[in-house]
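Novice: Residue numbers (the numbering used here): 219 to 1195.
1. Leaving out five residues before and five after residue 715 in sequence, what residues of the same chain have Cβ atoms less than 6 Å from its Cβ?
2. Below 6 Å CB to CB, which residues in the same chain sit around residue 706 once its five sequence neighbours on both sides are set aside?
3. Quick one: grab the DSSP three-state call for residue 588.
4. Could you check if residue 261 is buried or exposed, using at least 16 other CB atoms within 10 Å of its CB as the buried criterion?
5. Please say whether residue 325 and residue 358 have beta carbons closer to each other than 8 Å?
6. Please report the residue range of the beta strand (DSSP E) in which residue 657 lies.
7. For residue 190, collect the residues of the same chain with a Cβ closer than 7 Å to its Cβ; drop the 5 residues on either side in sequence, then sort them by chain order.
8. Would the region 733–751 count as touching the region 641–649 if we require 3 or more Cβ pairs under 8 Å?
9. Note down, in chain order, each residue of its chain lying with its Cβ closer than 6 Å to the Cβ of residue 361, except the 5 sequence neighbours on either side.
10. Assuming residue 700 contacts residue 530 (C-beta within less than 8 Å), just tell me the rounded distance between them.
11. Could you tell me the distance, in whole angstroms, from the CA atom of residue 895 to the CA atom of residue 906?
12. With a cut-off of 8 Å on the beta carbons, I'd call residue 625 and residue 663 a contact; round off their distance for me.
13. Here's the rule: buried if 16 or more other CB atoms are within 10 angstroms of the residue's CB, otherwise exposed. What is residue 368?
14. Where DSSP assigns a beta bridge to residue 465, which residues make up the other side?
15. Helix, strand or coil, according to DSSP, for residue 708 in the structure here?
16. Taking the C-alpha atoms as reference points, what is the distance between residue 465 and residue 655?
17. So, at 7 Å on beta carbons, what are the nonlocal neighbours of residue 231 in its own chain, with the 5 sequence-adjacent residues on each side left out?
18. Would you list the residues sitting across from residue 1194 in a DSSP beta bridge?
19. Grab the span of the alpha helix (DSSP H) containing residue 330 for me, first residue to last.
20. Quick one: using the 10 Å Cβ neighbour count with 16 as the cut-off for buried, is residue 786 buried or exposed?
21. Tell me which residues share the same chain as residue 407 and place their Cβ nearer than 7 Å to its Cβ, disregarding the 5 neighbours each side in the sequence.
22. Please return the same chain residues whose Cβ sits closer than 8 Å to the Cβ of residue 769, not counting the five positions on each side in sequence.
23. Could you give the distance in angstroms between the alpha-carbon of residue 824 and the alpha-carbon of residue 487?
24. Does the beta-carbon distance from residue 1019 to residue 1078 come in below 8 Å?
25. Grouping DSSP H, G and I as helix and E and B as strand, with all else coil, what is residue 555?
26. If we ignore side chains and look at the alpha-carbon of each, how far apart do residue 927 and residue 732 end up?
27. Thinking C-alpha only, which one of 959, 243 and 1189 is nearest residue 925?
28. Measuring straight from C-alpha to C-alpha, what distance separates residue 427 and residue 547?
29. In angstroms, rounded to a whole number, what distance separates the CA positions of residue 818 and residue 964?
30. If you count every other CB in all the chains shown that lies within 10 Å of the CB of residue 1066, and 16 or more means buried, which is it?
31. Does the count of Cβ pairs from the region 304–315 and the region 258–277 closer than 8 Å reach three?
32. Do residue 539 and residue 935 have their CB atoms nearer than 8 Å?
33. Drop a sphere of 10 angstroms on the beta-carbon of residue 1130, count the other beta-carbons inside from all chains shown, and report buried for 16 or more, exposed for fewer.
34. Between the C-alpha atoms of residue 524 and residue 499, what's the straight-line distance to the nearest angstrom?
35. Taking C-alpha atoms, which residue in 287, 833, 831 and 883 lies nearest to residue 821?
36. Touching or not, the region 983–990 and the region 1045–1055, by the rule of three or more beta carbon pairs under 8 Å?
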């Protein structure tokens, strides 16, 4: 019996295990066992040349299964029966290898070596496996032996059925597909996922070269789509292609689409993207649509009208951001979409219109065999050499923007086509799809594949309890879903299949085969009608924004630099300041209009979280696992690009404009956040999973909650924020290699607490650990360590300077001085400018930004000056450097002109004269309200599309509010409140 073990269920507490996993375990323990029919028949062992380790034993297994199932009467339907069966045996051999290799590798290492070398041991072991017909092996690893043989037998039966059903309908096939009924079969390719007892889509090749696709499931989706396309081609502006289909109820045949990659027409792809969006399609990735001479051709239509994920308990909000994204054009799979995982530094673009080339390697690791033909065999995870950097290639950027514009043109063209003839479109859908059976996808296929692979490890291969425990982890993916779905998933995975569920277009019952396992609240038909009834031109603009966001996801942050002219005379400086003051007063009304534009942009795009009781949010670019690029998503609670940044900016704007709508949004986000923090409930546990980081974790929520409370005058929010720090910092002294990282580490979190909690003090022991951690980082002498504030040495300088201002210690002063020495001696180039990277020697290694450049370094040195450790000249030196270099023209806080101005304004409190000239120039050029407004209103990059604070609209809004009211001191760059 499986009991709760944290090692097996690290994500769960005991109460979660009892509630969500125990019911599943009870089912699998009672119902999912293994049995293997008679062991291998009396067969000759194989002595052929092996192409991979244990090839011959796997051939023996495969041939045994095929001989057991094969019906010799089918030979007459094949051109070369023996050659055909040899190919199938090789396929089955590879499946057996993938299931059994880790057990082979384990068992051989446990054998006594004697006088044999590793190669002889391998030969002896493989021969013994075949001579004993795997009897001993099957006894040690009964779970995998039974599952593997069952899977192969199911695959063989499914293959036999494919041939039988093809021959049964040869007259219909000849009539529809023009393939002679006398033409024999050359091959049956079955390389895809298996469902329902080993069945899979097969490509059948006949002796004249004709190809036909057999689908062992209802093809009513393909048939309905084919009929539907014929209907709408009568009234849309440009005709669309479809496949030919013959439906026989529980299975059917379709034409084989001939691919022509040279016919990539992004305008037509945009039109198809719009159609898939209107039909609530899902999973329309690159392998389910083909480029053909007639245009993009969908070949797998089972996921049209895909229902929302089945959930139990609290109903999902109708205005859920997750639901909006799921039912958007991005949710169809036609647009670029990066698939990846947290533990792997890589992604692969699986979207139909995505960029895929020789570097498109799956981030999901596969096996690598080392010393395979020996007793020293090692089965290891293959290391992926994926370059995950965002693209800085200007040519690729041009291609991406061109593709994006063409997709948008095609999408808009089709959208307006249908909007003008909406009733006719609805009628065509209802007529064509009325009797369609569709697929319901509960979890992404790759999650099932991962579990199938894990179950082939040696431990679950021999131990039933371990196998059942791993299988029950499916429940973790569905803690808010119907447990019957999970039980069905377990049963199908145990059988070696990818789980498959179906639903009728007009129904609500979700089935597996003939068994109803769950239900949805609203039928696919009703959901489609609701979408069409609410379709307006406003929706077009929302979808265009998502299209742009999907395409720019892999492009690097733009760093467009520009030069400013600093007048040297004090007279000109004073006169210009007078002019700017006059302009500031004169244009206050216009500036307020610009602030209103940003405020309206944020308030009108607000959506609910999954449930109405949670803080509201937005859709925008979301960082993938911290550093793997950006993707359209629902904004979390992080300070960098999450929902709390826009909520804080709206609190400030709401006060300035007396805008009730803005204040209401801010109140919703922070009041509900305060309730989560106070209640310490399930939502808080989920929230804490994001970590401590100042800009990526919960610390940013506490800081913004306190700041918003200060702006609005809500003492409760401030108290909750301060009182929540102990929850976050209970493990502050835990060893952390990422401690000195402004975005994800704990150092920024500690500084936030200093600013919010005036009586906060680090323990002396903790300070000593921080110092020790700093010297460890210094002594590593890593060439990749930058000089910057976000991730480099200036982070250490800034952190210890702030700590020293609150808890002065001589040891801290020494650390600050040593870091200053490193920056001055190793990061300054021949022109006297601090570079981002050590010994960079190139002009592009000089940056003006807050995150990695001089603006952030300036803040760090100013704190060290305020702390009394570094001299005034060290700050003046950096100010002068900023005057000499090109600065970013992009109006964002993180790595743009807004961050530079904010840094200079902060330092100007101590250095007013020295910063006046450069501030005047930037404020009247790259940071003027007009420049900012024009950039965000007309820009096509990621920043104008983002509601976020550090690199998006709310950062610009906060800056503009401070522009007309300099008394506002809130700064996410200095963490002042």
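Just so you know, even glycine gets a beta-carbon here, dropped at the ideal spot from N, CA and C.
If you're wondering where the values come from, they're calculated on a predicted model, not measured in any experiment.
Specialist: According to the structure data:
1. For residue 715, same chain residues with a beta-carbon under 6 Å away, outside a window of 5 residues either side, are 412 and 413 in chain order.
2. Excluding residues within five positions, the ones whose Cβ falls inside 6 Å are 730 and 735.
3. Strand.
4. Per the 10 Å Cβ criterion, exposed.
5. Yes, these two residues count as a Cβ contact at 8 Å.
6. First-last of the beta strand (DSSP E) with residue 657: 655–658.
7. Outside the displayed span of the chain (219 to 1195) sits residue 190, for which this structure offers no information.
8. Contact holds: three or more Cβ-Cβ distances are below 8 Å.
9. Excluding residues within five positions, the ones whose Cβ falls inside 6 Å are 252, 679, 682 and 685.
10. Indeed, because the Cβ distance is near 6 Å, the residues count as touching under 8 Å.
11. The C-alpha of residue 906 is placed about 10 Å away from the C-alpha of residue 895.
12. At roughly 25 Å, the Cβ-Cβ gap does not stay under 8 Å, so residue 625 and residue 663 are not in contact.
13. Its Cβ being crowded by 16 or more others within 10 Å, residue 368 is buried.
14. Residue 465 is bridged to 470.
15. If DSSP states are grouped into helix, strand and coil, residue 708 belongs with the helices.
16. Our two residues, residue 465 and residue 655, have alpha carbons roughly 11 Å apart in a direct line.
17. Within the same chain, residue 231 has no close Cβ partners at all.
18. Residue 1194 is bridged to 1189.
19. For residue 330, no alpha helix (DSSP H) encloses it, and the DSSP letter there is neither H nor E.
20. Unreliable placement is indicated for residue 786, whose pLDDT of 38 sits below 50; no coordinate value is reported for it.
21. Taken in chain order, the residues that qualify are 420 and 421.
22. Leaving aside the five residues that flank residue 769 on each side, the residues in its chain whose CB is nearer than 8 Å to its CB run, in chain order, 553, 554, 618, 619, 621, 622 and 625.
23. Looking at the backbone, the Cα of residue 824 and that of residue 487 are separated by about 29 Å.
24. Yes. Within cutoff.
25. Coil.
26. Straight-line Cα distance between these residues: approximately 57 Å.
27. Taking the Cα of residue 925 as reference, the smallest distance to any Cα among 959, 243 and 1189 is reached at 1189.
28. Cα to Cα, the separation comes out at about 38 Å.
29. Distance from the CA atom of residue 818 to the CA atom of residue 964, rounded to whole angstroms, is 35 Å.
30. Buried, since its Cβ has 16 or more Cβ neighbours within 10 Å.
31. Contact between the region 304–315 and the region 258–277 is present, because at least three Cβ pairs lie under 8 Å.
32. Taking 8 Å as the Cβ cut-off, residue 539 and residue 935 do not qualify as a contacting pair.
33. With fewer than 16 other Cβ atoms within 10 Å, it is exposed.
34. Distance between the alpha carbons of residue 524 and residue 499 is about 6 Å.
35. Here the closest residue by C-alpha is 883.
36. Here the region 983–990 makes no contact with the region 1045–1055; the two share fewer than three CB pairs at distances below 8 Å.
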